[in-house]
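Protein chains in written order, with this note's numbering: chain A, 111 to 564; chain B, 111 to 564. To start, the structure itself, in structure tokens.
In structure tokens form, the structure reads like this:
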């Protein structure tokens with residue numbers, strides 16, 4: 111086991127000397143590889159490992175309190191049993207697990223049933239592709255939809271780092287659309303699309319997280335959702351809907367996804383099991399039910415056409431991951447809503463603990479004194495804290511090392527250079543007591559950091 | 111379970127009608143998605159499922175005779191036990207399986223030990239990245255190494271379809287270097303590099319399979335390997351070495367890999383567990399021990415820099431797949447050579463059966479009569495058969511449907527439009543009796559197909 115990724119890397123570092131054999135010129139590598147900003151995904155996912163003594167608000171890692179190793183073989187067996195019950199011969203099941211399998215996966219039927227139950231989304235299995243997580247689903251969708259250097263991706267800003275990274279890997283130009291307190295405003299999307307067109311380029315798609323956005327916690331209201339779908343039709347845009355947190359809404363506050371309202375098939379839905387099941391499986395999916403007319407005149411779902419990209423990225427998806435997630439879906443009768451209500455309560459309790467602790471340390475009426483403001487999302491994994499100094503990576507590492515609390519610079523999520531004086535607290539993987547302790551430590555770090563505000 | 115991927119797709123086809131909502135303009139999708147040639151990966155991996163009654167020579171799927179479902183949990187448990195034996199706390203092991211993990215993976219130490227034993231390759235774990243198969247390793251390496259539209263990839267032709275596809279997904283221009291009977295000739299690589307430079311472009315890397323190449327079965331001789339490494343240094347090229355079949359050489363014929371001879375660190379090695387373990391895990395790795403000087407002046411292994419690409423493709427690799435493969439490595443004491451000798455004997459017996467059956471049906475002395483020639487590789491999974499008609503996909507489907515035997519058009523593998531009158535037989539997943547039956551069926555198909563030779 112490669113136990114300490116950061117330290118192992120550091121161990122390989124050597125002082126600068128003569129360029130010997132095996133030295134590569136950094137300037138010749140792809141710009142997305144040498145850009146330190148592109149390291150944010152790794153930094154976020156590995157900060158907790160790098161600073162094991164610090165309380166980590168740095169990632170959006172889900173709660174790992176109640177995972178149990180024995181569940182892995184339980185769910186795998188559950189799925190294999192499900193296949194047997196369907197009359198699939200043992201030999202065929204064995205092949206399915208060990209051999210090359212279908213490029214688009216083999217648990218599409220199970221996912222379709224789950225989508226019908228949990229999200230009121232009605233699609234056929236041919237419109238679904240199983241992927242190695244949201245990230246591969248995004249990469250596959252972008253690869254298929256963007257064909258020319260003049261094709262532009264609109265994206266909510268601030269945004270999850272994975273969307274900028276995916277666009278960067280494929281050299282797709284990205285145009286930020288700043289969000290408001292209710293998330294992305296449809297009229298801003300329309301204006302951005304028109305502005306791109308006025309430059310002689312083509313706006314192809316728009317990316318957003320309508321429910322409890324990462325990092326800002328915003329929720330797009332229902333009327334704005336409907337209007338967004340109209341704008342997509344008017345401006346000939348595909349909507350890339352990313353929905354990892356919708357299941358964890360407070361009781362009665364769950365909104366219909368854009369995909370469930372998508373009568374004109376304008377939405378490509380990017381799904382993840384990282385939060386509804388667990389991240390280690392690296393499993394997600396995309397829904398692309400748009401029709402594409404084939405060379406021979408027949409029509410196929412976009413998800414079928416996108417197979418060519420999926421095949422050239424990772425061929426198929428891990429059979430082991432598919433079996434575990436398939437088993438969970440079968441075992442829960444294609445209902446992830448009910449089993450995740452308990453988890454939703456855990457997250458809501460944590461969010462509440464964070465907001466209460468923040469209010470205690472940084473009461474609004476003493477704003478002039480401490481220079482700190484924070485938002486108050488109704489759900490999701492994140493709280494944004496505005497501070498009166500540069501909350502950059504160096505500040506985060508100082509905070510982790512000397513104050514025992516880590517977080518994420520908001521600058522990582524802004525696509526337009528903003529967010530320099532704000533930080534994101536991921537509250538999903540700390541219990542309420544640790545959240546209170548962590549925010550107390552954060553308050554000390556903030557108090558000790560010289561204010562440089564203008 | 112999505113049991114019949116081809117049929118499910120066909121079921122979604124509808125006759126051409128009015129363009130309604132949800133129709134996407136095919137011409138606007140990425141060229142690599144609408145190009146039927148890019149479907150070869152899916153076709154190869156799914157042909158056996160599409161024509162279940164046919165004997166399939168179409169893919170290079172490994173032998174699945176002795177797989178056993180109980181082995182999945184056995185190896186997983188073996189790996190978890192190995193961690194426990196190393197003193198890793200239970201809670202940490204649970205997190206490793208369920209949570210987001212290190213981007214470059216967690217079984218690098220095990221892979222390093224295997225590489226030392228099996229391939230005489232000495233690298234540190236920081237130079238290794240665990241990926242979702244060879245395909246993702248290739249995509250990650252290409253993304254890092256190619257930065258400008260003028261950067262050109264040289265590749266052996268004919269070549270494995272995955273390299274063309276990966277280059278296509280990233281819009282990397284590819285220049286074929288035709289191979290001879292002993293694989294890629296180093297002087298041809300040097301000439302191609304100079305020709306690219308003369309065009310004002312930059313040759314960045316060259317791709318090949320030095321051992322029992324797919325599809326042509328060639329082996330690059332030892333002196334040519336050494337010369338290839340010199341040429342790489344002279345022409346400032348990275349060699350992308352793909353080695354899925356080296357372990358299955360006849361006794362005493364295993365050649366040193368380019369990586370094991372790579373004193374100047376010119377080789378990025380693209381590894382796969384699809385053949386040495388099993389394809390369903392979708393697990394592979396890359397070795398990139400080249401040094402890159404970081405922005406802060408320190409040096410890191412290229413594999414560490416490439417993390418940024420890996421993070422933006424699939425974040426990390428499936429923990430379930432890593433645990434199963436890690437368990438196999440531990441269980442076999444980091445030696446995949448010994449347990450795969452038995453498997454090597456199976457493949458060599460199959461190759462022998464195929465070559466004998468071909469010689470029987472198509473004796474060289476009666477060439478004028480049947481118009482068929484075939485090569486005689488010493489190992490690997492493939493035999494190439496030259497025929498006297500267009501061996502295209504339509505011909506293959508006709509052969510599968512009406513003669514009960516499928517194969518792969520060689521045209522799929524040629525990067526320069528060649529191979530139209532040749533087919534590839536994958537002998538790895540049929541037993542000798544089926545191989546004989548299949549080749550008898552193939553002979554009937556060939557006899558019934560009108561010769562159109564010039």
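Cβ coordinates follow ideal geometry from the N, Cα and C atoms, glycine included. Fair warning: this is a prediction, and the values are worked out from it, not measured in the lab.
- Below 8 Å, too few C-beta pairs join the region 224-243 of chain B and the region 176-194 of chain A to call them touching: fewer than three.
- Against chain B, the CB of residue 524 of chain A has no partner CB under 8 Å away; the residue lies outside that interface.
- The CB of residue 275 of chain A comes closer than 8 Å to the CB of 418, 421 and 422 in chain B, given here in chain order.
- Excluding its 5 nearest sequence neighbours in each direction, residue 486 of chain A has C-beta neighbours in its own chain below 7 Å: 465, listed in chain order.
- In summary, the residues of the region 218-235 of chain B whose CB is separated from some CB of chain A by less than 7 Å are 218, 219, 234 and 235, in the order they occur in the chain.
- DSSP places residue 318 of chain A in no alpha helix (DSSP H) but in the uninterrupted beta strand (DSSP E) bounded by 312-318.
- With contact defined as three or more Cβ pairs closer than 8 Å, the region 369-387 of chain A and the region 395-406 of chain A are in contact.
- Runs of beta strand (DSSP E) with 3 or more residues, each lying fully within the region 224-270 of chain A, are found at 238-241 and 261-267, listed in chain order.
- The C-alpha of residue 250 of chain A lies about 46 Å from the C-alpha of residue 477 of chain A.
- The beta carbon of residue 186 of chain A lies closer than 8 Å to those of 430, 433, 434 and 437 in the same chain, with the five residues before and after it left out.
- In the structure shown, the three-state DSSP call for residue 413 of chain B is helix.
- Residues of the same chain with a CB within less than 7 Å of the CB of residue 161 of chain A, apart from the 5 flanking positions on each side, are 510, 511 and 516 in chain order.
- Using beta-carbon distances, residue 268 of chain A does not count as an interface residue toward chain B, since no partner is under 8 Å.
- In the structure shown, residue 429 of chain B falls within a helical segment according to DSSP collapsed to helix, strand and coil.
- Non-local beta-carbon contacts of residue 445 of chain A in its own chain, meaning distances under 6 Å to residues more than five positions away in sequence, involve 227 in chain order.
- The beta carbon of residue 360 of chain B lies closer than 7 Å to those of 458, 488 and 489 in the same chain, with the five residues before and after it left out.
- In terms of Cα proximity to residue 295 of chain B, the closest of B:169, B:274, B:322 and B:266 is B:266.
- In this structure, residue 209 of chain A lies near residue 389 of chain B, with their beta-carbon atoms less than 8 Å apart.
- Following the DSSP letters along the chain, one finds residue 535 of chain B in no alpha helix (DSSP H) but inside the beta strand (DSSP E) bounded by residues 532-536.
- Ranked by Cα distance from residue 333 of chain A, the first of A:323, A:367 and A:326 is A:367.
- If you look at residue 382 of chain B, you'll find it in the beta strand (DSSP E) that goes 377-382.
- Residue contact with chain A for residue 183 of chain B: present (Cβ-Cβ distance below 8 Å to some residue of chain A).
- Within its own chain, the residues whose Cβ lies closer than 6 Å to the Cβ of residue 472 of chain A, once the five positions on either side in sequence are excluded, are 480 and 482, listed in chain order.
- Taking the beta carbon of residue 204 of chain A as reference, the chain B residues within 9 Å of it are 174, 177, 178 and 179, listed in sequence order.
- Under DSSP, residue 394 of chain A forms a beta bridge with A:241 and A:382.
- The beta carbons of residue 254 of chain A and residue 411 of chain A sit no closer together than 8 Å.
- For chain B, the residues of the region 240-252 of chain A that bring a beta carbon within less than 7 Å of one of its beta carbons are 242, 243, 245, 246 and 249, in chain order.
- Look at residue 399 of chain A: its C-beta is under 8 Å from a C-beta on chain B.
- Within chain A, no C-beta atom comes nearer than 7 Å to that of residue 545 of chain B; the closest sits roughly 18 Å away.
- Within its own chain, the residues whose Cβ lies closer than 7 Å to the Cβ of residue 207 of chain B, once the five positions on either side in sequence are excluded, are 429 and 433, listed in chain order.
- The beta carbon of residue 550 of chain B lies closer than 8 Å to those of 467 and 471 in the same chain, with the five residues before and after it left out.
- Excluding residues up to 5 positions away in sequence, 249, 252, 253 and 256 lie with their Cβ nearer than 8 Å to the Cβ of residue 280 of chain A in the same chain.
- Residues of chain B with a Cβ closer than 8 Å to the Cβ of residue 391 of chain A are, in chain order, 428, 429 and 430.
- Neighbours of residue 264 of chain B in chain A, taken as residues whose beta carbon is under 7 Å from its own, are absent, since the nearest beta carbon is some 16 Å off.
- Under a 10 Å Cβ-count criterion, residue 258 of chain B is classified as exposed, with fewer than 16 other Cβ atoms of the shown protein chains found around its own Cβ.
- Along the region 143-155 of chain A, the positions whose C-beta sits under 7 Å from a C-beta of chain B are 143, 146, 148, 149, 151, 152 and 155, read in chain order.
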